[in-house]
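Undergrad: Pasting a structure here, questions to come.
Number of protein chains: 2
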Amino acid sequence: MGWMNDETGLDRTPANHVALTPLSHLQRAAIVFADRTALVYQDLRLSYAQYHNRVSSLADGLRKKGITPGDVVATILPNIPAQVEAHFAVPAMGGVLNTINIRLDTDTVTYILEHGEAVALLVDTQFLPLAEAAIANMTGEKPRVIEVPDAGAGFPATGRYETYDDLLAAGDPNAPWTMPEDEWESISLNYTSGTTGRPKGVVAHHRGAYLMTMGTVVSWRLQLYPKYLTIVPLFHCNGWNHTWMMPVLGGTVVCCRDITPAAIYDAIADEGVAYFGGAPIVLNMIVNAKDEDRRDFDHTVEVFTAGAPPAPATLAAIESLGFNITQVYGLTETYGHVTECVWDDTRWGELNGADRANIKARQGVAFPMMEDIAVLDGDMQPVNRDGATQGEIMIRGNSVMKGYLKNPEATAEAFAGGYFHSGDLANQHDDGYIQIADRAKDIIISGGENISSVEVEGALMNHPAISLCAVVAKPDDKWGEVPCAFVELKEGETATESEVITFVRERLAGFKTPKRVIFQELPKTSTGKIQKFELRGVAKDL
Amino acid sequence: MGWMNDETGLDRTPANHVALTPLSHLQRAAIVFADRTALVYQDLRLSYAQYHNRVSSLADGLRKKGITPGDVVATILPNIPAQVEAHFAVPAMGGVLNTINIRLDTDTVTYILEHGEAVALLVDTQFLPLAEAAIANMTGEKPRVIEVPDAGAGFPATGRYETYDDLLAAGDPNAPWTMPEDEWESISLNYTSGTTGRPKGVVAHHRGAYLMTMGTVVSWRLQLYPKYLTIVPLFHCNGWNHTWMMPVLGGTVVCCRDITPAAIYDAIADEGVAYFGGAPIVLNMIVNAKDEDRRDFDHTVEVFTAGAPPAPATLAAIESLGFNITQVYGLTETYGHVTECVWDDTRWGELNGADRANIKARQGVAFPMMEDIAVLDGDMQPVNRDGATQGEIMIRGNSVMKGYLKNPEATAEAFAGGYFHSGDLANQHDDGYIQIADRAKDIIISGGENISSVEVEGALMNHPAISLCAVVAKPDDKWGEVPCAFVELKEGETATESEVITFVRERLAGFKTPKRVIFQELPKTSTGKIQKFELRGVAKDL
Chain F
2 MGWMNDETGL DRTPANHVAL TPLSHLQRAA IVFADRTALV YQDLRLSYAQ
52 YHNRVSSLAD GLRKKGITPG DVVATILPNI PAQVEAHFAV PAMGGVLNTI
102 NIRLDTDTVT YILEHGEAVA LLVDTQFLPL AEAAIANMTG EKPRVIEVPD
152 AGAGFPATGR YETYDDLLAA GDPNAPWTMP EDEWESISLN YTSGTTGRPK
202 GVVAHHRGAY LMTMGTVVSW RLQLYPKYLT IVPLFHCNGW NHTWMMPVLG
252 GTVVCCRDIT PAAIYDAIAD EGVAYFGGAP IVLNMIVNAK DEDRRDFDHT
302 VEVFTAGAPP APATLAAIES LGFNITQVYG LTETYGHVTE CVWDDTRWGE
352 LNGADRANIK ARQGVAFPMM EDIAVLDGDM QPVNRDGATQ GEIMIRGNSV
402 MKGYLKNPEA TAEAFAGGYF HSGDLANQHD DGYIQIADRA KDIIISGGEN
452 ISSVEVEGAL MNHPAISLCA VVAKPDDKWG EVPCAFVELK EGETATESEV
502 ITFVRERLAG FKTPKRVIFQ ELPKTSTGKI QKFELRGVAK DL
Chain W
2 MGWMNDETGL DRTPANHVAL TPLSHLQRAA IVFADRTALV YQDLRLSYAQ
52 YHNRVSSLAD GLRKKGITPG DVVATILPNI PAQVEAHFAV PAMGGVLNTI
102 NIRLDTDTVT YILEHGEAVA LLVDTQFLPL AEAAIANMTG EKPRVIEVPD
152 AGAGFPATGR YETYDDLLAA GDPNAPWTMP EDEWESISLN YTSGTTGRPK
202 GVVAHHRGAY LMTMGTVVSW RLQLYPKYLT IVPLFHCNGW NHTWMMPVLG
252 GTVVCCRDIT PAAIYDAIAD EGVAYFGGAP IVLNMIVNAK DEDRRDFDHT
302 VEVFTAGAPP APATLAAIES LGFNITQVYG LTETYGHVTE CVWDDTRWGE
352 LNGADRANIK ARQGVAFPMM EDIAVLDGDM QPVNRDGATQ GEIMIRGNSV
402 MKGYLKNPEA TAEAFAGGYF HSGDLANQHD DGYIQIADRA KDIIISGGEN
452 ISSVEVEGAL MNHPAISLCA VVAKPDDKWG EVPCAFVELK EGETATESEV
502 ITFVRERLAG FKTPKRVIFQ ELPKTSTGKI QKFELRGVAK DL
């Protein structure tokens, strides 16, 4: 340990030790980048000085409602300025921000409000019915509702609640912030969207959010003054902490309420947006955009994608349109992305097509702020780096949650052995790059052979008529399981089951070829992930 | 404070809390950037895997010599690979690195070795006479000497000591590192080069060094894989922490033992170097390079300069050669640079010549990892932001030293009121940018008027024959003080006193014009700063 013989007088003091928090970024930006554009939405264009003042007003407005440090303030908001501002304002009055997914069912929202004990709830007018129904079902203390109208999007104020603007007007734009004294204080509460059981409340600390922003600057190769589009919902791991990061770079956050190809292309062409994160479904949306929605631009757009590897066909198509895709991986428990497929031009600069996609399909290596991300076997030993042996992704570092709210047993289980257990199965290549072969349940075992549903999906995505697909196991008397494909076609395209089967058979081994192909819209979770468990239910009954 | 009502089970654990240290960067780089070039010197080209192995060997070799955590390991080394490797290896065995300035006098080196209690000393063969003389004068325990020969530079091993290569050979290249358990542990000890009294031992913590590297990525607009040249000596604030930063970006450190125009141009042209830091004297060296030393290159070289504002003429000349200059400011007590003149193209994009130089003459605003850098008056209140009122630069943030070794009184004094007192006087512009008008002693008071020696020096630097200059006060019976200029001419150039005075008179008010101009080589400190106190002595007797 690096303690010297005599360290008299060398302790922490206010001059040399300040709690790490992303709040510092906006405090600094209000000085350094005062006149630069911080936030854009519809006709609103805020400079950093204005943004900082609005955040100060909001923090002070909440304070004046009797909300005190440690209180939870919840939101049911799409990616509009109020959501962005709440990310700074709630912690700036010592509160803990609980962003609730706007796509959840009433029952789950009731559960979250009761479990999280929110004292206030900022609700977009469009989602008032959801909030009102959820609150009506509550048995405990009900949160104070603050309505956030968005007239420009067709949602004017109902007149039934105090509004966001009332709150801003009540607050002092020069009110000082309540900065954390300890960087382990809580900054946010995010409920996981589990497919079974009640969601768990993931509590994040200021330190982790700060370090997440600094590590992301490195990984995303960000420089001063980036233009960023909010596609990842801010209620999803706080938008991977991107809006907390932007002030450190003097960047501009362009808000996107409704994710459409036209909105994305317009932001790129009109605002110069060059960075956003999004699920592969967003990449498909861009690739399959109608001609009238496309816009010309002459810069490269850097896209972080997560949730599933981009299919080779999608990757080839979108990269030729001027987008560079980097796959990242993470969970709500890790503030969002903690691994990235770092691109090494000296090794892969010449690769194209499927070879390039094969590399980009990897979840990659640890972000700079993470200490150790490993693939471990059941004895917590590293698996062979052979690109085949499976183990569980285990995560250790400063961008890992404090734990689950009011659930010390689940927290202890998640952190057993000194790592956060991701629950995701992966292998590790000889260069250390991690690759998720399949989430555990996504392996199809047919005649004793393991089939990767990801591989079969990759083959299907090469079909020119297919927009989106999912492959699951269908029980089979002879083989145990066989692959069954569910497919969404592109608008105006047609295909038949036998034609698709033949198409895949030309590319994959016979046992990997789907035995059935079902054409239907795929069920998705509130965060856009395909709900394979539902499809497994359908496949079972076919 | 952001503590929730119920935080049961939400404490720090090994999974979610790891001590911040730049050591983590190299640990990660050994995996992520294994095959990329990490270090270049003469014929040596190390990949990150090799670099990591050599660092592990060195750490283990030191361990095997009986050196234990908390021990101080000193170096008297120019910017060669051993110095770069020691920056990781000494902390990697829990030691504290004490880099000693190679230009110091024997007496001061004796003092440092006794005060710092170094148990080992790595010495470049060229500087063995200095080390031997300094050790001979010691009364306390003497350090073990390890000789670092550099045959390629004309300094083969003397055969009198164990060598660096012996130490590497004795260590295990796969030995695990001793990582800090607490980020407040000490990583380095740097003695200030005070002009009066004994130097003070500045103790740095792992946390500060880590955050310094992350903040510098943002400020220097660094992206993956930069090529960096070591011009700032690593014994000067650990080279502003740049070699600790490079692994987080997979960058290449190109070592430069002797700073010459040819060496700099060759590194830019042959290795693609695009980043270095250096004093304005280095900028002058580049501007005044002989034609045969110049090389063509087609990228922009980003230069951090500190110590004094670049003169407008120097700035104009060097920027037209393909270098972009950013002034930064800091002290040994702040790990190097903590303010930067962030360039805002929306405000200054159209500026040229003197207008551009006037902006770039500012020390600017806080680096991202710093909390608050202010100009305060004697009552610790902010001065008016009028670009004129002077106060002292006060610094608060995570890249501030732990304090002075075995000197709690000086530490307490330096941190009085919750800020580190820089001792530098400055004003603050209305946009928050800080500008050092003059170090306190650099103000010349003539007939009751304050004269900025920096301003007069700026005017002198426009003279085509002048290479370097310094202006100090000369006592005067009538005016109290008058400006007196000391000037170095460019090779082969000539000028007369009256001609130089006339030149300045055309540009500045009469009372600001030097009354005497002396042509001589300027005395410089071991870190390259001009020693004005010596010149004041000369001026007094003129």
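Protein sequence lines, in the order shown, are assigned to chains F and W.
Residue numbers for the first sequence, in the working numbering: 2 to 543.
Residue numbers for the second sequence, in the working numbering: 2 to 543.
Just so it is clear, CB atoms sit at the ideal spot from N, CA and C, and this is done for glycine as well.
From a predicted model like this one, the values you see are computed outputs, not experimental measurements.
Y420(F) touches chain W at which residues, Cβ-Cβ below 9 Å?
TA: As a working mapping, residue 420(F) is identified with position 419 in the first sequence. Correct list: P15, A16.
Undergrad: Using a Cβ-Cβ distance cut-off of 8 Å, determine whether P92(F) contacts chain W.
TA: Here residue 92(F) refers to the residue found at position 91 of the first sequence. Chain W, which has a Cβ nearer than 8 Å to the Cβ of P92(F), makes this yes.
Undergrad: Residues in its own chain within less than 7 Å of T193(W) by CB, not counting five upstream and five downstream?
TA: As a working note, residue 193(W) is residue 192 in the second sequence. The answer, listed in chain order, is P200, K201, V203, T333.
Undergrad: Between which two residues does the beta strand (DSSP E) containing T38(F) stretch?
TA: Taking the first residue of the first sequence as position 1, residue 38(F) is located at position 37. 38-42 is the span of the beta strand (DSSP E), which, as asked, contains T38(F).
Undergrad: For H88(W), which of helix, strand or coil comes out of DSSP?
TA: Counting from 1 along the second sequence, the entry for residue 88(W) is found at position 87. Helix at H88(W).
Undergrad: Considering only C-alpha positions, which residue in the set A314(F), V472(F), T244(F), F305(F) is nearest to Q521(F)?
TA: Locating residue 521(F) in the first sequence gives position 520, counting from the first residue. Selected option, being the one with the closest Cα: V472(F).
Undergrad: Does the region 373-385 of chain W come into contact with the region 416-436 of chain W, if we say contact requires no fewer than three beta-carbon pairs (one atom in each stretch) closer than 8 Å?
TA: Per the Cβ contact rule, the region 373-385 of chain W is in contact with the region 416-436 of chain W (3 or more Cβ pairs under 8 Å).
Undergrad: Just list the alpha helix (DSSP H) runs in the region 244-314 of chain W, keeping only unbroken ones of 4 residues or longer that don't cross its boundaries, in chain order.
TA: 262-272, 281-288
Undergrad: Could you work out which residue in D299(F), A263(F), F298(F), G511(F) is closest to M286(F) when comparing CA atoms only?
TA: As a first step, residue 286(F) must be located in the first sequence, where it is residue number 285. For M286(F), the closest C-alpha among the options D299(F), A263(F), F298(F), G511(F) is that of A263(F).
Undergrad: Are I101(W) and I81(W) closer than 8 Å when you measure CB to CB?
TA: The residue labelled residue 101(W) in the question sits at position 100 within the second sequence. The residue labelled residue 81(W) in the question sits at position 80 within the second sequence. In this structure, I81(W) does not lie closer than 8 Å to I101(W) by Cβ.
Undergrad: Return the residue from the list M246(F), N289(F), A474(F) that minimises the CA-CA distance to F512(F).
TA: Position 511 of the first sequence, counting from 1, holds the residue named residue 512(F). Distance check between F512(F) and each of M246(F), N289(F), A474(F) places A474(F) closest, using alpha-carbon atoms only.
Undergrad: Would K403(F) pass as an interface residue toward chain W - the criterion being a Cβ-Cβ separation below 8 Å?
TA: Position 402 of the first sequence, counted from the first residue, corresponds to residue 403(F). Yes, its Cβ sits closer than 8 Å to a Cβ of chain W.
Undergrad: Alpha carbon to alpha carbon, how far is M5(F) from L24(F)? Give it in angstroms, no decimals.
TA: Locating residue 24(F) in the first sequence gives position 23, counting from the first residue. Locating residue 5(F) in the first sequence gives position 4, counting from the first residue. Approximately 34 Å between the Cα atoms of the pair.
Undergrad: Would N99(F) be called buried (16 or more neighbouring beta carbons within 10 Å of its own) or exposed?
TA: Translated into positions along the first sequence, residue 99(F) becomes position 98. The residue is buried, with at least 16 neighbouring Cβ atoms inside 10 Å.
Undergrad: So that I know if they touch, is there some Cβ in chain F lying closer than 8 Å to that of M139(W)?
TA: Locating residue 139(W) in the second sequence gives position 138, where the first residue counts as 1. By this cut-off, M139(W) is not an interface position.
Undergrad: Would E351(W) and L377(W) qualify as a contact pair, given that the criterion is a beta-carbon distance under 8 Å?
TA: Numbered from its first residue, the second sequence carries residue 351(W) at position 350. Numbered from its first residue, the second sequence carries residue 377(W) at position 376. Against a cut-off of 8 Å, the Cβ pair of L377(W) and E351(W) comes out as no contact.
Undergrad: Could you check what DSSP says for M2(F) in three-state terms: helix, strand or coil?
TA: Numbered from 1 along the first sequence, position 1 holds the residue referred to as residue 2(F). DSSP, read as helix, strand or coil, puts M2(F) in coil.
Undergrad: What are the start and end residues of each continuous beta strand (DSSP E) run of 3 or more residues lying completely inside the region 146-200 of chain W, in chain order?
TA: 187-192
Undergrad: Go through the region 436-524 of chain W residue by residue and report every complete run of the beta strand (DSSP E) that reaches 3 residues or more, in order.
TA: 444-447, 450-453, 467-477, 481-490, 517-520
Undergrad: When the Cα of A312(W) is compared with those of C342(W), P130(W), G337(W), V455(W), which residue comes out closest?
TA: As a position in the second sequence, residue 312(W) is number 311, starting the count at 1. Relative to A312(W), the option among C342(W), P130(W), G337(W), V455(W) whose CA is nearest is V455(W).
Undergrad: Give me the Cα-Cα distance between A31(W) and N54(W), rounded to the nearest whole angstrom.
TA: In the second sequence, the residue the question calls residue 31(W) occupies position 30. In the second sequence, the residue the question calls residue 54(W) occupies position 53. Looking at the two C-alpha atoms, the distance is approximately 9 Å.
Undergrad: Taking a contact to mean a Cβ-Cβ separation below 8 Å, would you say G404(F) touches G10(W) in this structure?
TA: Numbered from 1 along the first sequence, position 403 holds the residue referred to as residue 404(F). Numbered from 1 along the second sequence, position 9 holds the residue referred to as residue 10(W). Contact flag set, yes.
Undergrad: Can you give the Cα-Cα distance for V97(W) and H18(F), rounded to whole angstroms?
TA: In the second sequence, counting from the first residue as 1, residue 97(W) sits at position 96. In the first sequence, counting from the first residue as 1, residue 18(F) sits at position 17. Answer to the nearest angstrom: the Cα atoms are 20 Å apart.
Undergrad: Going straight from the alpha carbon of A87(W) to that of V56(W), what length do you get?
TA: Sequence index remark: in the second sequence, residue 87(W) carries index 86 (1-based). Sequence index remark: in the second sequence, residue 56(W) carries index 55 (1-based). Rounded to whole angstroms, A87(W) to V56(W) spans 7 Å at the Cα level.
Undergrad: Any Cβ of chain W within less than 8 Å of the Cβ of V483(F)?
TA: Numbered from 1 along the first sequence, position 482 holds the residue referred to as residue 483(F). False, the Cβ-Cβ gap to chain W never drops below 8 Å.
Undergrad: Return the residue from the list A152(W), E341(W), T495(W) that minimises the CA-CA distance to G216(W).
TA: In the second sequence, counting from the first residue as 1, residue 216(W) sits at position 215. The candidate whose alpha carbon is nearest that of G216(W) is E341(W).
Undergrad: Short check: CB of R37(W) to CB of G251(W), under 8 Å?
TA: Looking up residue 37(W) in the second sequence gives position 36. Looking up residue 251(W) in the second sequence gives position 250. Yes, they are a contact pair.
Undergrad: Keeping to the same chain, check which residues put their C-beta closer than 6 Å to that of N325(W); ignore five residues upstream and five downstream.
TA: Counted from its first residue, the second sequence places residue 325(W) at position 324. Result list for N325(W): T301, E303, in chain order.
Undergrad: Does L59(W) come within less than 8 Å of chain F when only Cβ atoms are used?
TA: On the second sequence, residue 59(W) is found 58 positions in, with the first residue counted as 1. Judged by the 8 Å Cβ criterion, L59(W) is not in contact with chain F.
Undergrad: Would you say L129(F) reaches chain W, if we count a Cβ-Cβ gap shorter than 8 Å as a contact?
TA: The residue labelled residue 129(F) in the question sits at position 128 within the first sequence. Not one chain W Cβ lies under 8 Å of L129(F).
Undergrad: Along the beta strand (DSSP E) that carries H338(W), what are the first and last residues, could you check?
TA: Translated into the one-based positions of the second sequence, residue 338(W) becomes position 337. Note, H338(W): beta strand (DSSP E), 337-341.
Undergrad: What is the DSSP secondary structure of Y434(W), reduced to helix, strand or coil?
TA: Mapped onto the second sequence, residue 434(W) falls at position 433. If DSSP states are grouped into helix, strand and coil, Y434(W) belongs with coil.
Undergrad: Alpha carbon to alpha carbon, what distance is there between E115(F) and Y162(F)?
TA: Along the first sequence, read from residue 1 onward, the residue named residue 162(F) stands at position 161. Along the first sequence, read from residue 1 onward, the residue named residue 115(F) stands at position 114. Roughly 21 Å between the two C-alpha positions.
Undergrad: So, is the C-beta of K407(F) closer than 8 Å to a C-beta in chain W?
TA: For this step, residue 407(F) is matched to residue 406 along the first sequence. Judged by the 8 Å Cβ criterion, K407(F) is in contact with chain W.
Undergrad: Within 8 Å of any Cβ in chain W, is that where the Cβ of N399(F) sits?
TA: Within the first sequence, residue 399(F) is the residue found at index 398, counting from 1. It does; some Cβ of chain W falls within 8 Å.
Undergrad: At the 8 Å Cβ level, is I326(W) part of the contact set with chain F, yes or no?
TA: Numbered from its first residue, the second sequence carries residue 326(W) at position 325. By this cut-off, I326(W) is not an interface position.
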